[in-house]
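Chemist: The sequence shown runs 1 to 304 under UniProt numbering. Even for Gly, the Cβ is constructed at its ideal location relative to N, Cα and C.
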Amino acid sequence: MSIRRGGLMSYNQRRIARWYFGGLASSMAAMVTHPIDLIKVLIQTQAVKLSVVQTTRKIVKEQGVLAMYNGISASMLRQYTYTLARFGIYSVGSGAMDTSTMGGKTLLAAIAGGIGGFVGAPADLINVRLQNDVKLPPEKRRNYKHAIDGLVRITREEGWKNLFNGSSMIALRGAFMTVGQIAFYEQSKSQIIKLGMPENMGTYIVASMISSVVATTLTQPIDVVKTRRMNAAPGEYSGLGDVFVQTSKEGPLAFFKGYVPSLCRLLPHTVLLFLGLEYLRTHFGYLPEPKQTGPYNRYDDVDD
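#1: Only counting the same chain, and skipping five residues up and downstream in sequence, which positions put a Cβ closer than 8 Å to that of SER248?
#2: For ALA17, name the three-state secondary structure that DSSP assigns.
#3: Among all the DSSP beta bridges, which residues are the ones paired with TYR286?
#4: Are there 16 or more other CB atoms within 10 angstroms of the CB of THR55, so buried, or fewer, so exposed?
#5: Would you mind sorting ARG156 into buried or exposed? The rule is 16 or more other CB atoms within 10 Å of its CB.
#6: Considering only the alpha carbon of each residue, which of LEU77, ILE222, GLY258 lies closest to VAL243?
#7: Which residues bound the alpha helix (DSSP H) around SER168?
#8: List the endpoints of the continuous alpha helix (DSSP H) containing LYS61.
#9: Please state if the CB of LEU263 and the CB of ARG18 are separated by a distance shorter than 9 Å.
#10: Report yes if the C-beta distance between ALA123 and GLY88 is below 9 Å; otherwise report no.
#11: Inspect the CB distances between the region 30 to 42 and the region 89 to 108 and report whether three or more fall short of 8 Å.
#12: What's the call for GLY22, buried or exposed, on a 16-neighbour Cβ count within 10 Å?
#13: Please work out which residues of its chain come closer than 6 Å, Cβ to Cβ, to HIS269, disregarding the five sequence neighbours upstream and downstream, and give them in chain order.
#14: So the alpha helix (DSSP H) LYS105 belongs to, where does it begin and stop?
#15: How would you write the range of the alpha helix (DSSP H) that ARG153 sits in, first residue to last?
#16: Of all the options ILE72, PHE184, GLN220, THR217, which has the alpha carbon lying nearest to the alpha carbon of TYR204?
#17: Our contact map puts MET201 next to LEU151 with C-beta atoms below 8 Å; I'd like the distance itself, whole angstroms only.
#18: Using the three-state DSSP reduction, which class does LEU266 fall into: helix, strand or coil?
#19: Hey, how far is the Cα of LEU287 from the Cα of SER211?
#20: When you compare the region 80 to 87 with the region 58 to 68, are there three or more beta-carbon pairs, one atom per stretch, that lie closer than 8 Å?
#21: Are GLY116 and LEU84 closer than 9 Å when you measure CB to CB?
What follows is the structure, given as structure tokens:
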């Protein structure tokens, strides 16, 4: 999509992504990867150890294939709050500060991810609960009809403050995730191009794969603690510190429980996200003002 073919591709390559393209691209990627995300949550929270294949078979056998898309409305809401906010803030912020260095990219990504995590906390809570319903016995399921129903019921039954249950952990995870995804994607893409690879789809895929591995490694311990806290029954844990202590009793590898399905979910999601973002940029982005923009190398950068 970025191979230059005469004047047309050069013209398109100069386009800059609009601030909301990240949320839009992520929502499209989530439609493909949602079933893997569902399996990841179940593996992290289940008491009995089951493999990815065993967990999938169990869900399909007991509730049918469509159960693999339980919580898809919450996932979409999450993309248009959490992901849209962090990519949007990074896009706008990168026009106001120097992101030509890894330090600059990391700082801005952490800020954008932290804010995005807080904004998307209610959607994240609903997402986890809807996904986790498939493993609960019928009498214990919350049975939210969709994301909006979940938001209304939690506000009515538990209080609006519970919508932000675990929001500090979500914000922390968002900061690490955004550093892993955006900062490492940009840096990896820059280094790959310097090594002689052309700026094309292959480069985007390799850079996306690197960033997804880094992001998964950075966020998995936080993800496990966050998921357990958000899905806990009232009074099960006294706080995030207690979740950490109880999880640590299972051994250090407990913090990386579900790493493989997390990577399997995040890797294709990240690749599809950035390919979608680059496609949206080159086809629907806007042309920059005819002025010097500085030696930045952003994911929505113009041609050098």
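Modeler: Working from what's here:
#1: Contacts found: ALA254, PHE255.
#2: Three-state DSSP puts ALA17 in coil, outside helix and strand.
#3: DSSP, once it has assigned bridges, lists ILE16 as partnering TYR286.
#4: THR55 is buried by the Cβ-count criterion.
#5: ARG156 should be labelled exposed.
#6: The option with the nearest alpha carbon to VAL243 is ILE222.
#7: Segment 167 to 178, the alpha helix (DSSP H) holding SER168.
#8: That run of the alpha helix (DSSP H) goes 52 to 63.
#9: Cβ distance not < 9 Å, so ARG18 and LEU263 don't count as in contact.
#10: Contact: no.
#11: With a cut-off of 8 Å, the region 89 to 108 and the region 30 to 42 do not count as touching, because too few Cβ pairs lie within range.
#12: GLY22 counts as buried, since at least 16 other C-beta atoms from the protein chains shown sit within 10 angstroms of its C-beta.
#13: Excluding residues within five positions, the ones whose Cβ falls inside 6 Å are ALA29, THR33.
#14: 102 to 119 is the span of the alpha helix (DSSP H), which, as asked, contains LYS105.
#15: Run containing ARG153: 147 to 157, per the alpha helix (DSSP H) assignment.
#16: Nearest of ILE72, PHE184, GLN220, THR217 to TYR204, Cα basis: PHE184.
#17: Taking 8 Å as the upper bound for CB-CB distance, MET201 and LEU151 are not in contact here, some 38 Å apart.
#18: In the structure shown, LEU266 falls within a helical segment according to DSSP collapsed to helix, strand and coil.
#19: The straight-line gap from Cα to Cα measures roughly 27 Å.
#20: No, because fewer than three Cβ pairs between the region 80 to 87 and the region 58 to 68 fall closer than 8 Å, the two stretches do not touch.
#21: In terms of Cβ geometry, GLY116 and LEU84 form a close pair [threshold 9 Å].
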